[in-house]
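The sequence shown begins at 214 in my numbering and counts up one residue at a time.
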Amino acid sequence: MPVVSQLLDELAASARQADETPAWPEASWNVVRRTGILRANIPAEHGGEPHSSSELLEAYESLTGACLTSSFILSQRDASIRRLLDLGSADIRAQLLPPLARGETFTTVGLSQLTTSRQHGKPSLTVRTDGDATIFDGVIPWVTGASRAEHVIIGAVSEDGGQVLAVLPMDSPGVSVGPPLELMAMQGSMTAEVRCREVRVARHWLLAAPGQAALQASRGGTGGLETSCLGLGLTAAAVSFLRAEAVRRSDLTDDAERLDQQRQELRGELFQMAAGQANPKSAQSLRMRVNTLVLHATQAALTASKGSGFLLSHPAQRWARQALFFLVWSCPATVASATMTYFSNPAACGLA
Ligand SMILES: Cc1cc2nc3c(=O)[nH]c(=O)nc-3n(C[C@H](O)[C@H](O)[C@H](O)COP(=O)(O)OP(=O)(O)OC[C@H]3O[C@@H](n4cnc5c(N)ncnc54)[C@H](O)[C@@H]3O)c2cc1C
């Protein structure tokens, strides 16, 4: 779904504020709402206007080029909606999806404690049953837009090591949201830790309980196409800046073109995967290459901008900071390990 360029300009104009200010980026989110994308992954029966995954990815890509903070918040909201569609009961879908489609409510995910966070110690969030109630206890370390959300899709580990997914109503007794975490970029994402102190959740809110592999592989799991798409959107912002600079600085032309060529190749792969069945392995291989490209392209934009690019008023420093996010966000162990090999021995990856 093409996003009107005037809205992209509006979004870009607020991108610095959304990145630097630890407050909900209301102006930016309003622009996102006006693009119509909040309806795009919700079925028509619930007030949505569904688009194909390729159309959605195209929209994410252009929104990211304007403001990564906004598209990242959107990606977390949309990830929660995919869980509701895949695993939620008809009742839950009928209750939560219409106000989400109208942009009146916000949901997000707090699932990384099952996949990429806190995997080396005791479970961060545990779950047990007590008669008819399900009781959650512990910490959800990363929840984007937590203070803005009415509901969060959470995952916890039971005593026997099983995983339970549920919708957590944020007004449940025992739920508390920490202060926004101080981040090196995208402060407006309002990412926070959520604590659950013996929180009783009614059976109604339980989602299916997929195994670890299912959670990783299910639509939009860690390292999924959406994460690569955002990386490519940020790459596009840096590359188009370089191309514009190259118009009056011909020494930049070859570099800008080589980076754009790589971007287009990876973009082609992404949309091919979106049109077919992306298996987790190919999606993760793409993600690893996107990670290195977004680092290179944004650092090239900073290099070309010289000292001026180091000023907070210049977008090049913001893109370079934001690119580092892809090293740590929704980054499966295989991608992290391949990236480490690339850093320590690029020749071994054939990327030197
Ligand atoms: C800005 C931001 C927003 C995010 N938003 C969301 C969100 O909305 N929803 C969501 O589900 N997730 C979200 N995430 C989580 C993200 O996807 C990853 O899960 C997270 O970045 C993993 O980092 P961690 O520090 O929690 O990892 P951990 O593995 O818990 O590492 C923490 C620390 O533990 C130590 N450590 C790591 N491994 C070991 C080991 N094997 N042995 C001993 N010590 C070890 C290291 O010192 C490390 O610094 C977000 C992350 C960020 C940065």
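Here a beta-carbon is modelled for each residue, glycine too, at the ideal position from N, C-alpha and C.
### Query
What are the start and end residues of the alpha helix (DSSP H) that includes residue 310?
303 to 314
### Message
At the 8 Å Cβ level, is residue 539 part of the contact set with chain C, yes or no?
### Response
Given the protein chain composition of this structure (a single chain), no chain C is represented.
### Message
Quick check on residue 528: buried or exposed, where buried means 16 or more other Cβ atoms within 10 Å of its Cβ?
### Response
buried
### Message
Closer than 7 Å to a non-hydrogen atom of ligand 1 - does that hold for the CB of residue 308?
### Response
For residue 308, the shortest C-beta to heavy atom distance toward ligand 1 is 7 Å or greater.
### Distance between residue 532 and residue 252 (C-alpha atoms, nearest Å)
Their Cα atoms are separated by approximately 28 Å.
#### Entry: Distance, residue 406 Cα to residue 395 Cα
11 Å
### Query
Secondary structure at residue 341, three-state DSSP: helix, strand or coil?
strand
### Task
Take the Cβ of residue 359 as the centre, count every other Cβ of all protein chains shown within 10 Å, and call the residue buried at 16 or more, exposed below.
Taking all protein chains in view, the Cβ of residue 359 is crowded by 16 or more other Cβ atoms within 10 Å, so the residue is classified as buried.
### 4 or more residues per run - each alpha helix (DSSP H) lying fully within the region 464 to 501
Every unbroken stretch of the alpha helix (DSSP H) spanning 4 or more residues and falling wholly within the region 464 to 501 is given here in chain order: 466 to 488.
### Message
Quick check on DSSP: helix, strand or coil for residue 506?
### Response
helix
### Message
Do residue 455 and residue 464 have their beta-carbon atoms positioned less than 8 Å apart in this structure?
### Response
It is not a contact, given that the beta carbons lie outside the stated cut-off.
### Query
Between residue 540 and the rest of its own chain, which residues show a CB-CB distance below 7 Å, the 5 nearest in sequence each way excluded?
Counting only Cβ-Cβ distances below 7 Å, and skipping sequence neighbours, we find 504 and 552.
### Message
Which same chain residues end up closer than 7 Å to residue 534 when comparing Cβ atoms and leaving out the 5 residues on each side of it in sequence?
### Response
Here the set comprises 397 and 398.
#### Entry: C-beta atoms of residue 310 and residue 259 nearer than 8 Å
yes
### Task
Out of 549, 402, 460 and 408, state which residue places its alpha-carbon closest to the alpha-carbon of residue 286.
402
### Task
With distances taken Cα to Cα, identify the nearest neighbour of residue 502 among 342, 408, 489 and 479.
479
### Query
Which word fits residue 333, buried or exposed, when buried means at least 16 other C-beta atoms lie within 10 angstroms of its C-beta?
exposed
#### Entry: First and last residue of the uninterrupted beta strand (DSSP E) at residue 409
405 to 414
### Task
Look at the alpha carbon of residue 471 and the alpha carbon of residue 512, and state the distance between them as a whole number of angstroms.
14 Å
### Task
Would you mind reading off the limits of the beta strand (DSSP E) that contains residue 400?
Element bounds for residue 400: n/a, residue is neither H nor E.
### Task
Going by CA-CA distance only, name the one from 437, 391, 318 and 293 that's closest to residue 378.
293
### Task
Kindly indicate which residue of 343, 421 and 368 has the alpha-carbon position closest to the one of residue 351.
Nearest option by C-alpha distance: 368.
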